[in-house]
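Have a look at the structure below, then the notes.
Residue numbers (the UniProt record's numbering), protein chains in the order written: chain A, 1 to 261; chain B, 1 to 261.
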């Protein structure tokens, strides 16, 4: 059985037209699917209006208790439930979740070494309860995850949405043929960053090594691809990197860049 | 099969000690159960810190779009997910929900007559999808509802938590023997409002009529009891009205005031 795990970020969430377009296409997508969303500017805006300034240590963002409250409100409340209501409108039977719900994603608070990142949750290979998630999927439910997890001891934690999407995809690859889809602002991996038409249609592991050696891939793209190929190594069938407004092409024509073993 | 539908309000939520005590007892409660929670002072405090003043028309509270955003953040995000994380800590397999999730509670935006209440959702006899809820319950999940519903057209709505608890109890009474439990600040229905020991242990429909005629029941309590007996008339087995910190007595000794047909 096939399963899509699709991640959207700020560039979709912050633009209500983009978001509606995406959610309509997501609803139309056949088969098992999971949506993971990040935060976007709304959390930053809310923090500002509450007089909370972003905490940075050595340039790294810190999730202090005030920030955790804000992201829990914005990610798990405002954004998540509005996405669910929109999906229901399109007859997609969504349920909005955090990792705490049904204990689906249990994280560990990041240990304090040089920097105390605060209430940030890291994931391991056993973080996701894929059996319980599969039960939900098979009952016709479409899980919509915000980027909040918990430690199992009553503490909510802020966790990177890309990491959550990848962990879900890897864990569920023991039960499904998983396609992991990252939506971002470009049409895919570009050979020439200034040319939107220079999308690489496919890259396999060997080609990725070659492209890295030849320094063809732009700096910002490298960690994304590295993480994608790690997920593939751990069992995910394929990873797509593409633009949210082309989601209707997924599974039909070519969507973004397809990465595979 | 027995099912508890338990509602808590501000007096539990606003006091973290009360809340933890309650959630521990709730976790220990055997059998099928659903928790419904209201808002409390946190939403008011957040509105203040964001510079949003409560909108009142003719003394009635109005849910404008700004207020809806705040209650969605606070009820469905902050409060709901913290409750879920606490319950998971006590091995209670909670999932935090709004009415939009899995389309479990579909409401109608209150029609504008003399007053435009804004984004307030009213419930009808067909609002709750009891079959889908029952599937969740039977898979071992404990639903935790915040007081947010939707209209099925993509719009979230603010709905009274007492009303949600009652609608859930009535709808599920076709499948379960439902005990509806309202937690409030007193130990139960008091014969003498100034005497906490004057709790009426039981009231049936006939006795309620008599008590009303004799003007024995304090004014503020009357609508609560009226709604409770309406739920009983519609199929709910019994309604308890009592204090959250005595929940451990529920189903064992006498908890609060028991209302029945």
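Note that CB positions come from ideal geometry on N, CA and C, so glycine has one too. Please read all numbers here as calculations on a predicted model, not as lab measurements.
Between the CA atoms of residue j and residue i - distance to the nearest angstrom
| i | j | result |
| --- | --- | --- |
| residue 254 (chain B) | residue 130 (chain A) | 42 angstroms |
| residue 224 (chain A) | residue 14 (chain A) | 21 angstroms |
| residue 6 (chain A) | residue 24 (chain A) | 14 angstroms |
| residue 67 (chain B) | residue 120 (chain A) | 29 angstroms |
| residue 167 (chain A) | residue 85 (chain A) | 26 angstroms |
| residue 186 (chain A) | residue 10 (chain A) | 13 angstroms |
| residue 169 (chain A) | residue 162 (chain A) | 11 angstroms |
| residue 220 (chain A) | residue 195 (chain A) | 16 angstroms |
| residue 154 (chain A) | residue 183 (chain B) | 23 angstroms |
| residue 250 (chain B) | residue 104 (chain B) | 27 angstroms |
| residue 90 (chain A) | residue 69 (chain B) | 22 angstroms |
| residue 234 (chain B) | residue 248 (chain A) | 47 angstroms |
| residue 199 (chain B) | residue 252 (chain B) | 17 angstroms |
| residue 205 (chain B) | residue 125 (chain B) | 22 angstroms |
| residue 112 (chain A) | residue 226 (chain A) | 25 angstroms |
| residue 262 (chain B) | residue 140 (chain A) | An answer regarding residue 262 (chain B) cannot be provided, because it is not within the stretch 1 to 261 covered by chain B. |
| residue 197 (chain A) | residue 136 (chain B) | 47 angstroms |
| residue 92 (chain A) | residue 122 (chain A) | 30 angstroms |
| residue 45 (chain A) | residue 45 (chain B) | 18 angstroms |
| residue 49 (chain B) | residue 49 (chain A) | 8 angstroms |
Sequence-distant residues of its chain with Cβ nearer than 8 angstroms to residue i (five each side left out)
| i | result |
| --- | --- |
| residue 53 (chain B) | 47 |
| residue 202 (chain A) | 257, 258, 259 and 260 |
| residue 83 (chain A) | 19, 23, 35, 37, 94, 96 and 144 |
| residue 222 (chain A) | 212 |
Beta-carbon proximity of residue i to residue j, cut-off 8 angstroms
| i | j | result |
| --- | --- | --- |
| residue 149 (chain B) | residue 99 (chain B) | yes |
| residue 132 (chain B) | residue 107 (chain B) | no |
| residue 12 (chain B) | residue 80 (chain B) | no |
| residue 94 (chain B) | residue 128 (chain B) | no |
| residue 26 (chain B) | residue 245 (chain B) | no |
| residue 77 (chain B) | residue 78 (chain A) | yes |
| residue 75 (chain B) | residue 146 (chain B) | yes |
| residue 71 (chain A) | residue 39 (chain A) | yes |
| residue 190 (chain A) | residue 231 (chain A) | no |
| residue 263 (chain B) | residue 109 (chain B) | Residue 263 (chain B) is absent from the model: chain B starts at 1 and stops at 261. |
Burial state of residue i (16 or more Cβ within 10 Å)
| i | result |
| --- | --- |
| residue 174 (chain B) | exposed |
| residue 138 (chain B) | exposed |
| residue 214 (chain B) | exposed |
| residue 33 (chain B) | buried |
| residue 88 (chain B) | buried |
| residue 262 (chain B) | Since the first residue of chain B shown is 1 and the last is 261, residue 262 (chain B) is not available in this structure. |
| residue 28 (chain B) | exposed |
| residue 159 (chain B) | buried |
| residue 151 (chain B) | buried |
6 angstroms CB neighbourhood of residue i in its chain, flanking five on each side removed
| i | result |
| --- | --- |
| residue 256 (chain A) | 188, 240, 241 and 242 |
| residue 2 (chain B) | 31 and 177 |
| residue 217 (chain A) | 211 |
| residue 35 (chain A) | 6 and 144 |
| residue 118 (chain B) | 62, 63 and 64 |
| residue 171 (chain A) | 128 and 130 |
| residue 165 (chain B) | 5, 7 and 36 |
| residue 43 (chain A) | 70, 71 and 74 |
| residue 134 (chain A) | 175 |
Any non-hydrogen atom of the ligand HEM closer than 7 angstroms to residue i Cβ
| i | result |
| --- | --- |
| residue 2 (chain A) | Absent from the structure shown: the ligand HEM. Ligands present: none. |
Spatial neighbours of residue i in its chain, beta-carbon cut-off 7 angstroms, leaving aside the 5 residues before and after
| i | result |
| --- | --- |
| residue 115 (chain A) | 57, 58 and 60 |
| residue 229 (chain B) | 205, 208 and 259 |
### Query
Which residue spans inside the region 86–126 of chain B form an unbroken beta strand (DSSP E) run of at least 3?
94–97
### Message
My parser needs the beta strand (DSSP E) runs of 3 or more residues fully inside the region 169–249 of chain A; what are they?
### Response
177–184, 202–204 and 238–243
### Length-filtered (3 minimum) beta strand (DSSP E) runs lying within the region 15–97 of chain A
Runs of the beta strand (DSSP E) inside the region 15–97 of chain A: 32–37, 55–57, 60–62 and 94–97.
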